[in-house]
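From first to last, the protein sequence lines stand for chains A and B. Heads up, the first sequence is in UniProt numbering, so the first residue is 1 and it goes up one at a time. Heads up, the second sequence is in UniProt numbering, so the first residue is 1 and it goes up one at a time. Note that CB positions come from ideal geometry on N, CA and C, so glycine has one too. One structure below.
Protein chains: 2
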Amino acid sequence: MAVTIKEIAERAGVSPSTVSRALAGNPRISAETRARIQRIIDELGYHPNMNARSLVVKSSGTIGVVLPRSGDSAFLNPFFPEVLRGITAALEEHGYALLLATGRDDAVKHEHVARMVQGKQVDGVILLESRADDHLIFYLREQRVPMVMIGRPLLEGIAYVDNDNVLAGKEATEYLLERGHRHIAFLGGSLAYAVTVDRRDGYMLAMDKAGIAPAMRTVLSTDFSEEDAYREVTDVLHRPDRPTAFVVADDLMALGVIGAVQSAGLTIPEDVSIVSFNNVLLSRLTNPPLTSVDIHILDLGRKAVEMLFALIEKSSSRVDHYTDTYIVHTQLIERGSVSLGPFASGNV
Amino acid sequence: MAVTIKEIAERAGVSPSTVSRALAGNPRISAETRARIQRIIDELGYHPNMNARSLVVKSSGTIGVVLPRSGDSAFLNPFFPEVLRGITAALEEHGYALLLATGRDDAVKHEHVARMVQGKQVDGVILLESRADDHLIFYLREQRVPMVMIGRPLLEGIAYVDNDNVLAGKEATEYLLERGHRHIAFLGGSLAYAVTVDRRDGYMLAMDKAGIAPAMRTVLSTDFSEEDAYREVTDVLHRPDRPTAFVVADDLMALGVIGAVQSAGLTIPEDVSIVSFNNVLLSRLTNPPLTSVDIHILDLGRKAVEMLFALIEKSSSRVDHYTDTYIVHTQLIERGSVSLGPFASGNV
DNA sequence: TTGAAAGCGTTACCAG
DNA sequence: CTGGTAACGCTTTCAA
């Protein structure tokens, strides 16, 4: 049996209530008893049973993070370790712990989340996925669990932190247009994700503005994986009118694009230019290094926990239905995957 | 207020005990009441309060994972997402959740771990770090918490899963020796880590066996980071008798080595060869791609949870002090960072 | 097959 | 400033 509050109360010759107060830093307690209690606590290395504590106060001191898909495939993309980095760093400052939720499929993940939410294991939740068809969001909203999403939700009334992905998509595309590319393709993940939709919309906006004919546009969408990107782009490259540049919504996918281009006997950036997104470590390692849009993943994570704590705060003072939004800025990092296109005017 | 067992008992016209039994799948209960109860549970979307449950049964259904250093810097190295990948996958199969422990310094991390262990939030712990001076291990052993380490502990009597790092270090070095290198340097992380020590020992063994004079050996040790590796190696490269090859204990460090070599105006593999460790994603992205020893990180993670569950099992049946060891094999993956050295015999 | 009651370790309210 | 008591939501004897 572990040492309990009762035991230390006995040794100190006081009641459990007093010990509890001492622990909580309650001021109405004599300095001497406080000291005596503290000494015994240190001596015995006492730590309160969090389950008992959480049972009575309504806080668990931990927040839940819901990974997309199964934890297995999620960690494949460097995006996730990076957000987690931001999240854990911020959580540390608040003395909060982090419970991870995964699940090989949506059903078991839902079960997992329900257990931690209704099981009162977490005070709030950060969602790392914004898919259109996600029941989880409805569920969490209905349960009135404080939550914030990383990435724009496809529903109203949910707090989130995100980049301005349509702006970022637009800028990435314009970057290519300014350098004389006209036939530019967009490659993104599934259109069920808001990120994909937004970046594509940005791409479309830029193409519209530049007056590029629909025939010169190509929108590809597939899984967020290197292999699928490879397959998809390989097809396109063998068309007679292949694009001279790609806007790719994810560095990992860009890896697939690089592979496809090189397998097709073409070279980057001479034959095809690429600008991608996320600017994770690997983008400076590829050959050539990728020009990529830095989305400040770390900040996404940090800000998400700040917002979550604000929500938890509010929800305990019953100011229901508080939602907020925070946009972290993006920045295109120039590297070596873009060259001048066939329509370059020479003055960029 | 969330829905409780009491409430569903009322609606079903039975006692809380009965509902509890139904939930637990207790066979001594009539099919009809069970069905009725189940219907109400589904209807109300009831989930038990895990804190209350954990308070009485002595299991929390979650295990703790202790990250090295602060979570912040840990996620910088691709090794950690990858173990986590293995761990979460295996945990999923057991229906267990995962609580992460970090801490910007050893003191707060210790506090964090103590809270989750003595606070009965976890049934066991996986340690992701094997440093010599780690008080945490003593603490956990004294608390008799089921635990397994990933990486060889520097103490006896602790269950762990690891690679045979001295063998792997030896093989990596021999690979270079066979290809005609004699002046081979070893670059590792801090010698407070067992990995570093073991791989270096393997290097020494190979050099001994090949009869290489101590003057031709160089052992470098620094932080597990790209920057430090860069700095350390830059020094060495400017010595008149620079090594023709490096055994580098980590892919991320190898990145720094590559940078240093190229900054010194030398080329890989012509001027200096590299074999590194871990074989994470980036090792095939560098230019040239890194010949690296695959340590099967995923298996390290999976196996660790298997062992942990075995331990938890044993500990509940009070067969104290059960320890075990599992070695996952390694495999050198040949890529483009090694060429023949000055003493190549031509017949490798 | 089911119910009543005790107990898990804390906190919080009410007295004193 | 401190103690007694109830309560948190669940499981588990012990009886029926």
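Item to check | Check whether Val248 (chain A) and Ala172 (chain A) have beta carbons under 7 Å apart | outcome: no
Checklist entry - Are the beta-carbon atoms belonging to His183 (chain B) and Met216 (chain B) less than 7 Å from one another? => result A contact, by the Cβ cut-off of 7 Å.
Checklist entry - Excluding sequence positions up to five away, which residues of its chain have a Cβ less than 6 Å from the Cβ of Val233 (chain A)? => result Val257 and Ala260
Item to check | Spatial distance of Gly188 (chain B) from Tyr230 (chain B) (CA atoms) | outcome: 12 Å
Item to check | Cα-Cα separation, Ala89 (chain B) to Glu313 (chain A) | outcome: 34 Å
Next on the checklist: Measuring CB atoms only, is the region 61-68 of chain B touching the region 131-146 of chain A, in the sense that at least three cross pairs come out at less than 8 Å?
Outcome noted: no
Checklist entry - From which residue to which residue does the beta strand (DSSP E) around Asp162 (chain A) run? => result Ala159 to Asn163
Checklist entry - Which first and last residues belong to the beta strand (DSSP E) in which Leu331 (chain B) is found? => result Here residue 331 (chain B) is Gln; the residue named in the question, Leu, does not match the sequence. Gln331 to Ile333 is the span of the beta strand (DSSP E), which, as asked, contains Gln331 (chain B).
Next on the checklist: Quick check on Ala213 (chain A) - is its C-beta less than 7 Å from some C-beta in chain B?
Outcome noted: no
Checklist entry - Between the region 81-101 of chain B and the region 290-305 of chain B, are three or more C-beta pairs nearer than 8 Å? => result yes
Checklist entry - Can you check whether the CB of Ala101 (chain A) is closer than 7 Å to the CB of residue 400 (chain A)? => result Lying before the first or after the last residue shown, residue 400 (chain A) is absent from chain A, which here runs from 1 to 348.
Item to check | Close-in-space but distant-in-sequence residues of the same chain around Leu311 (chain B) (CB under 7 Å, 5 per side omitted) | outcome: Gly124, Pro146, Val148, Ala159 and Tyr322
Checklist entry - What first and last residue would you give for the beta strand (DSSP E) that runs through Gly202 (chain A)? => result Gly202 (chain A) -> not in any beta strand (DSSP E); alpha helix (DSSP H) instead, spanning Ala194 to Lys209.
Checklist entry - With burial defined as no fewer than 16 other Cβ atoms inside 10 Å of the residue's Cβ, what is the status of residue 370 (chain A): buried or exposed? => result This structure gives no information on residue 370 (chain A), because the portion of chain A shown stretches from 1 to 348.
Next on the checklist: Using DSSP's beta-bridge definition, name the partner residues of Gly188 (chain A).
Outcome noted: A:Ser221
Checklist entry - How about Ala194 (chain B) and Gly151 (chain B): are their beta carbons less than 7 Å apart? => result Cβ atoms of Ala194 (chain B) and Gly151 (chain B): closer than 7 Å.
Next on the checklist: Can you find the residues in the same chain that come closer than 6 Å, C-beta to C-beta, to Ser315 (chain B), ignoring five residues on each side of it along the sequence?
Outcome noted: Pro146
Item to check | Where the region 116-129 of chain A meets chain B: residues whose CB sits under 7 Å from a CB there | outcome: Met116, Gln118, Gly119, Lys120 and Gln121
Checklist entry - Between the region 40-51 of chain A and chain B, which residues of the former have CB atoms less than 7 Å from a CB of the latter, in chain order? => result His47, Pro48, Asn49, Met50 and Asn51
Checklist entry - At a Cβ cut of 8 Å, what residues of the region 278-290 of chain A count as close to chain B, listed as they run along the chain? => result Leu281, Leu282, Leu285, Thr286 and Asn287
Item to check | Whole-Å CB distance - Val280 (chain B) paired with Tyr175 (chain B), under 8 Å assumed | outcome: Rounded, the Cβ-Cβ distance is 19 Å, inconsistent with contact.
Item to check | Neighbour flag for Ser54 (chain A) against chain B, beta carbons, 7 Å | outcome: Judged by the 7 Å Cβ criterion, Ser54 (chain A) is in contact with chain B.
Next on the checklist: Please list the terminal residues of the continuous beta strand (DSSP E) segment that includes Val293 (chain B).
Outcome noted: Thr291 to Asp294 is the span of the beta strand (DSSP E), which, as asked, contains Val293 (chain B).
Next on the checklist: By alpha-carbon positions, which one of A:Tyr46, A:Pro342, A:Asn278 and A:Glu227 ends up nearest to Thr330 (chain A)?
Outcome noted: A:Asn278
Next on the checklist: Count Cβ pairs between the region 15-23 of chain B and the region 37-45 of chain B that sit closer than 8 Å; are there 3 or more?
Outcome noted: yes
Checklist entry - Within the 7 Å Cβ cut-off, does Phe79 (chain A) reach chain B? => result no
Item to check | Beta carbon proximity, Phe224 (chain A) to chain B, threshold 7 Å | outcome: no
Next on the checklist: To the nearest angstrom, how far is the alpha carbon of Ala185 (chain B) from that of Asp106 (chain B)?
Outcome noted: 32 Å
Item to check | Alpha-carbon to alpha-carbon, Ala245 (chain B) and residue 349 (chain A) | outcome: Because chain A is modelled from 1 through 348, residue 349 (chain A) falls outside the range shown and cannot be assessed.
Item to check | Segment limits, alpha helix (DSSP H) that includes Leu255 (chain B) | outcome: Asp251 to Ser263
Next on the checklist: Excluding the 5 residues flanking Arg335 (chain B) on each side, which residues of the same chain have their C-beta closer than 6 Å to its C-beta?
Outcome noted: Pro289, Leu290 and Thr291
Next on the checklist: Nearest by alpha-carbon distance to Phe138 (chain B): which of B:Asn77, B:Tyr326, B:Ala114 and B:Gly103 is it?
Outcome noted: B:Ala114
Next on the checklist: Among B:Val328, B:Thr222 and B:Asn49, whose alpha-carbon lies nearest the alpha-carbon of Met1 (chain B)?
Outcome noted: In terms of Cα proximity to Met1 (chain B), the closest of B:Val328, B:Thr222 and B:Asn49 is B:Asn49.
Item to check | Same chain only: Cβ atoms within 7 Å of Leu155 (chain B), ignoring 5 sequence neighbours per side | outcome: Ile137
Checklist entry - If you draw a straight line from the C-alpha of Ala9 (chain B) to the C-alpha of Pro16 (chain B), how long is it? => result 5 Å
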